[in-house]
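Taking it in order: structure first as structure tokens, then the write-up.
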Amino acid sequence: MLRREASALLAYVAEHPRIAPNRIAGMIFRTRVARRYRALVTVENHDQLVAALRTVVAGTEHPLVVRNSEPATARRHGFVFPGQGGQRPGMGRLFYDAFPSFRAEVERCADLFAKQFGRSPLSYLLDDQLPPNDSATVVQPALFTQMAGLAALWRTVGVIPRAVVGHSQGEIAGAYVSGVMSLDDAVTVVGTRAGIADKFPADDYAMAVIATDRDTCEELLARNSGWAELSVVNSPSMVGISGQRETVHQIVEHLTGDGVFARVIPVRYPAHTSMIASIGAQIRHALTENLHAGEFTVSEIDCIGATLGTAISPEMPVDQYWFWNLRNAVRFDRAVATAAAAHVDTFVELAEHPTLQLALRENLAALGSERTACVVSTSHRNATDLAEFTANLAKIAVHDLDYNWDALRAEAPDRVSLPLRDFPNVQNNDIPLWLSYRAGTSGVAVPKQPAVTPEAERRVDTGNDSRAYPRLLREAWTKVTRRSMMPPRSYAFIDGTGDAGALVEALRDNAPNFGSSARIVTGTNESGIGDADTVVIVLPSPALLDDREAAEAVARFFGNRTWWPGLSSTVTGCWLVTVGGEQAVADDRPAHPVHAAIAAGFRCMGTEHPGIAFRHLDLTPDIAGPDKADNILAALQSAGESELALRADGMYAKRVIDIDQDGDESSRAVAPDHVVITGGTGKLGQEFCEHYARMGTRQITLISRSGETDAVTGRLDAIRRSTGAKVRALPCDVTDTAAVTALADQLRDTPADLIIHAAVDYSDTPLAEVTADKFQDALRAKVIGISNVLDTVPRTDSCRVMLCSSLAATIGGKGQLMYAAGNRMLDVLASTRRASGLDCTSIQWGQWTVHLDLGDTGIAKLAAAGYTRCARRCARRRHGPPPRQHPCRRVRSDSSPSHAGRLRVWAATFGARGQQRARGARRDHPAGPGGA
1 MLRREASALL AYVAEHPRIA PNRIAGMIFR TRVARRYRAL VTVENHDQLV AALRTVVAGT
61 EHPLVVRNSE PATARRHGFV FPGQGGQRPG MGRLFYDAFP SFRAEVERCA DLFAKQFGRS
121 PLSYLLDDQL PPNDSATVVQ PALFTQMAGL AALWRTVGVI PRAVVGHSQG EIAGAYVSGV
181 MSLDDAVTVV GTRAGIADKF PADDYAMAVI ATDRDTCEEL LARNSGWAEL SVVNSPSMVG
241 ISGQRETVHQ IVEHLTGDGV FARVIPVRYP AHTSMIASIG AQIRHALTEN LHAGEFTVSE
301 IDCIGATLGT AISPEMPVDQ YWFWNLRNAV RFDRAVATAA AAHVDTFVEL AEHPTLQLAL
361 RENLAALGSE RTACVVSTSH RNATDLAEFT ANLAKIAVHD LDYNWDALRA EAPDRVSLPL
421 RDFPNVQNND IPLWLSYRAG TSGVAVPKQP AVTPEAERRV DTGNDSRAYP RLLREAWTKV
481 TRRSMMPPRS YAFIDGTGDA GALVEALRDN APNFGSSARI VTGTNESGIG DADTVVIVLP
541 SPALLDDREA AEAVARFFGN RTWWPGLSST VTGCWLVTVG GEQAVADDRP AHPVHAAIAA
601 GFRCMGTEHP GIAFRHLDLT PDIAGPDKAD NILAALQSAG ESELALRADG MYAKRVIDID
661 QDGDESSRAV APDHVVITGG TGKLGQEFCE HYARMGTRQI TLISRSGETD AVTGRLDAIR
721 RSTGAKVRAL PCDVTDTAAV TALADQLRDT PADLIIHAAV DYSDTPLAEV TADKFQDALR
781 AKVIGISNVL DTVPRTDSCR VMLCSSLAAT IGGKGQLMYA AGNRMLDVLA STRRASGLDC
841 TSIQWGQWTV HLDLGDTGIA KLAAAGYTRC ARRCARRRHG PPPRQHPCRR VRSDSSPSHA
901 GRLRVWAATF GARGQQRARG ARRDHPAGPG GA
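Okay, structure coming up:
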């Protein structure tokens, strides 16, 4: 987009050569907003503008163009005030002549110095013909005045500090600019200290800066018989010394002779050494007598000093602090670290010539912030115009997302020039607002799909959508590194079982830490919610339960609903907090069936409350205690995520993403010897039966309550005749332990090497009609029954198990609370069994065309949720035939992510409107062409 904008402007400029650049700039301000990728051209005439725009279009470099390579971000600016050493007569002339804001500020400071001490620093600032004078009473007022003026200048052009960082004497100017001291008092400190420091003999002392680390410097000092001390630590490889003049010069000469950078600084007293203690009482007494304020002022701008390496606070004694500032070793490295910890990421050095740029970059590199931080100077001592300053300002402007571009307007606010005719329109990305129902090609890259016969096409109802295609997706938990936060909430906390009281109370008590209010709600009357806008249902850490006990616990929770008061009109969000309900990271155990099922059912509840965001936060047991209330509250105030998991190393959000469909399919090319199918005489069970019979399986056992009836005999006989497979349909209630034991005895001589759980108990029941008994009935065959089978029916050592789950366990649906919860328990059962060594997989499927018993209402509900019916032949093509007949290979469990059990959506489709239409989901790897 940046190049397109530049190209449009270049064409206009070429056609209108008489229009001055400032008029072009005015129209850009009038018609454009600053985007994240930017270029700023600093030109004075038409030819420069044309040349600069051409380089932007070409993407090449130009001295008059400043651009960002990374998108602009919100920035926190910090002004850096250097100490003594880089001064010279006339250093303020360029800015004084060019900027009224600089001129006004330095004149204000100069007047105060003249009033208090009888001498103005203006002559030193403006007259470059003055002879050098390094006395503190001349240099330090001039440096203070220069830095105060530069701070005013930077503010005028739209750079506002959030913090200041002071180095040595520069810290006094930083204190004034930040607001922790008045200008009067800051001038008093500068002039008073300078007068006292000048009483040291001028030729006895010196300072030097050395390009070495602290240890090396201290070793040099220890091996020298003269007196000098480490006085400055600028960065890991830049330090300073102060002491006897002869000693300092000897060390500098020794280092430069060895090729190490070292330079004497024109400071005539032993600053930042123990020698300053001799004038400490005099400094403190003079400041106590002359300062107007006895303490520092609270300010919104942090004043971070190298005196202590921390921010100045009101409890610090003013008189003693400015003595410490002169005596203590300068710890600029610590000050920069403090600023970086306060999220300062743009450092602007306020000096005519940069002196701390290298130290800033080295410190930021050591902190790991160099790539994201922006370090700029103000100008250069050799500058004769404002080009250097303008380039530095441009660098800040293009990197700061919130830069105030109005600060650069050349027009006066009360004068608006006429718009330019035929000025190019804003360039935009072309994004279609809707897709054609019969678009010929897809904008989404998809895997190549197998050919589908005309008969199969007729049987797959995609709503005449030529853009529908199957996709293989998986659930992934992604660490949240940046997140948006909601404003303070009004919480209503509910103890979901009566056993989470301590945590609920801690959440209520800690909510004010986040600016929120909170109450605890008991009972089922929605009036208890009051004016709360966010309801949070908290579950305690669950106990270890077997499958039957877990099913009973889930049925009681949703059937009794003593935790559900309903939702008042003020509620906009509803959270469920579970413990161990998700398997989000590698160290997580398999999800707990109760909390996982409750989360799936809770998601379905949200469809009955449109306009209210139903969201889920999962914890680990070590985080689910009252001592972690603040961490949990911080997670609850996250915006935009509906599924979160809080773990020891941070926050994770659930995603559903595409996965590679390639893999080793050799294992599917071999037909299993004996397939046992629960729910085997149902429509889906018969599909599996035919599939494996045609694949070459010789023995198939179908298990159902009814066994073989007249309704299924016709199709089973056809399978037997066409394939030669031995197909038996045995009556057995898998929820009856005795019946399953008897079945196991019948199969003792022919153990299963593939077990498919295809029992379907679809339910369409709103929350108000759910009872504990209904829930128990729904879970018996789906969860308890398959547990009985896996515990009892004989299996080969290499037996695989496939459990047919439903996509409802992931995306939910109106009236599908019991169905979703049951299938989610099935997913967890697969993970648990797999963790114990069984090759067990749960595949989540969508709507099959064989489920025509749903009726028009049921099919319409599924369509509204985004389901497209999945034809059985489509599933066979994706799973069953030998390798050469289809390109979609089986993904083995050992090729899945490091923590097993993540969800994979199988054969999802995206319809003409860009709507996700899910056809199925799977956990780990498929064993056959299942259904839900």
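Residue numbers (UniProt numbering): 1 to 932.
Built from N, CA and C at the ideal position, the CB exists for glycine as well.
From residue i to residue j, what does the alpha carbon distance come to, in whole angstroms?
{"i": "A142", "j": "Y12", "result": "48 Å"}
{"i": "M695", "j": "G679", "result": "20 Å"}
{"i": "L94", "j": "T481", "result": "45 Å"}
{"i": "A759", "j": "D618", "result": "30 Å"}
{"i": "V535", "j": "R76", "result": "35 Å"}
{"i": "S369", "j": "L779", "result": "54 Å"}
{"i": "R721", "j": "I677", "result": "20 Å"}
{"i": "F514", "j": "L507", "result": "11 Å"}
{"i": "V232", "j": "T307", "result": "10 Å"}
{"i": "E219", "j": "D134", "result": "30 Å"}
{"i": "A14", "j": "G92", "result": "40 Å"}
{"i": "L255", "j": "T188", "result": "39 Å"}
{"i": "A194", "j": "Q116", "result": "13 Å"}
{"i": "V538", "j": "T620", "result": "13 Å"}
{"i": "C109", "j": "L153", "result": "14 Å"}
{"i": "residue 1015", "j": "E388", "result": "Here the chain has residues from 1 to 932 only, and residue 1015 is not among them."}
{"i": "C732", "j": "S842", "result": "22 Å"}
{"i": "M238", "j": "G166", "result": "17 Å"}
{"i": "T372", "j": "A366", "result": "13 Å"}
{"i": "A311", "j": "Q129", "result": "39 Å"}
{"i": "V905", "j": "A738", "result": "Unreliable placement is indicated for V905, whose pLDDT of 33 sits below 50; no coordinate value is reported for it."}
{"i": "R603", "j": "D764", "result": "15 Å"}
{"i": "G305", "j": "F113", "result": "23 Å"}
{"i": "L40", "j": "G78", "result": "22 Å"}
{"i": "Y491", "j": "A391", "result": "50 Å"}
{"i": "A744", "j": "Q776", "result": "25 Å"}
{"i": "T192", "j": "Q282", "result": "10 Å"}
{"i": "S667", "j": "I755", "result": "Residue confidence for S667 is low, a pLDDT of 43 falling below 50, so the modelled location carries little weight; the figure read from the coordinates is stated next. Near 16 Å, if we compare the C-alpha coordinates of I755 and S667."}
Below 8 Å on the Cβ atoms is my guess for residue i versus residue j; work out the distance and round it to an integer in Å.
{"i": "L747", "j": "P794", "result": "6 Å"}
{"i": "L268", "j": "R88", "result": "Looking at the sequence itself, residue 268 is Arg, so the reference to Leu does not match. Actually they are not in contact, since the Cβ atoms of R268 and R88 sit about 16 Å apart, beyond 8 Å."}
{"i": "M207", "j": "V248", "result": "7 Å"}
{"i": "D47", "j": "S178", "result": "With a Cβ gap of about 44 Å, D47 and S178 do not count as contacting."}
{"i": "G226", "j": "Q250", "result": "7 Å"}
{"i": "A277", "j": "R327", "result": "6 Å"}
{"i": "A772", "j": "A725", "result": "About 42 Å; that fails the 8 Å criterion."}
{"i": "H674", "j": "T750", "result": "5 Å"}
So if DSSP puts residue i in a beta bridge, which residue, or which two residues, is it bridged to?
{"i": "N731", "result": "Correcting the residue identity first, residue 731 is Pro in this sequence and not Asn. P731 pairs with S704."}
{"i": "R93", "result": "Answer is none; R93 lacks a bridge partner."}
{"i": "R331", "result": "V233"}
{"i": "D618", "result": "T578, A645"}
{"i": "T478", "result": "A653"}
{"i": "P317", "result": "E295"}
Which first and last residues belong to the alpha helix (DSSP H) in which residue i is found?
{"i": "P21", "result": "21-31"}
{"i": "Y176", "result": "170-178"}
{"i": "H399", "result": "387-399"}
{"i": "E44", "result": "First-last for E44: undefined, no H or E at that position."}
Where does the unbroken beta strand (DSSP E) through residue i begin, and where does it stop?
{"i": "E295", "result": "Note, E295: premise wrong, no beta strand (DSSP E); not H, not E."}
{"i": "R162", "result": "161-166"}
{"i": "V239", "result": "238-244"}
{"i": "R795", "result": "795-806"}
{"i": "T792", "result": "Looking at the DSSP string, T792 is not in any beta strand (DSSP E); the run it does join, the alpha helix (DSSP H), is 786-792."}
{"i": "F144", "result": "First-last for F144: 136-156, but that is the alpha helix (DSSP H), not the beta strand (DSSP E)."}
{"i": "H77", "result": "77-81"}
Cβ of residue i less than 8 Å from any chain D Cβ?
{"i": "N525", "result": "The structure shown contains no chain D, having only a single protein chain."}
Are three or more beta carbon pairs between the region 601-619 and the region 804-812 nearer than 8 Å?
Yes, the region 601-619 is in contact with the region 804-812.
Would you check if there are 3 or more beta carbon pairs closer than 8 Å linking the region 781-788 to the region 538-553?
Using a Cβ-Cβ distance cut-off of 8 Å, the region 781-788 and the region 538-553 are in contact, since at least three pairs of beta carbons, one from each stretch, lie closer than that value.
For the region 236-245 against the region 55-65, are there 3 or more C-beta pairs whose distance is under 8 Å?
No contact exists between the region 236-245 and the region 55-65.
Decide if the region 702-714 is in contact with the region 820-840; the criterion is three or more beta carbon pairs, one per stretch, under 8 Å apart.
No, they do not touch.
Using 8 Å as the threshold, is the region 681-688 in touch with the region 708-718, meaning 3 or more CB pairs across them?
Touching, yes, given that three or more Cβ pairs across the two stretches are closer than 8 Å.
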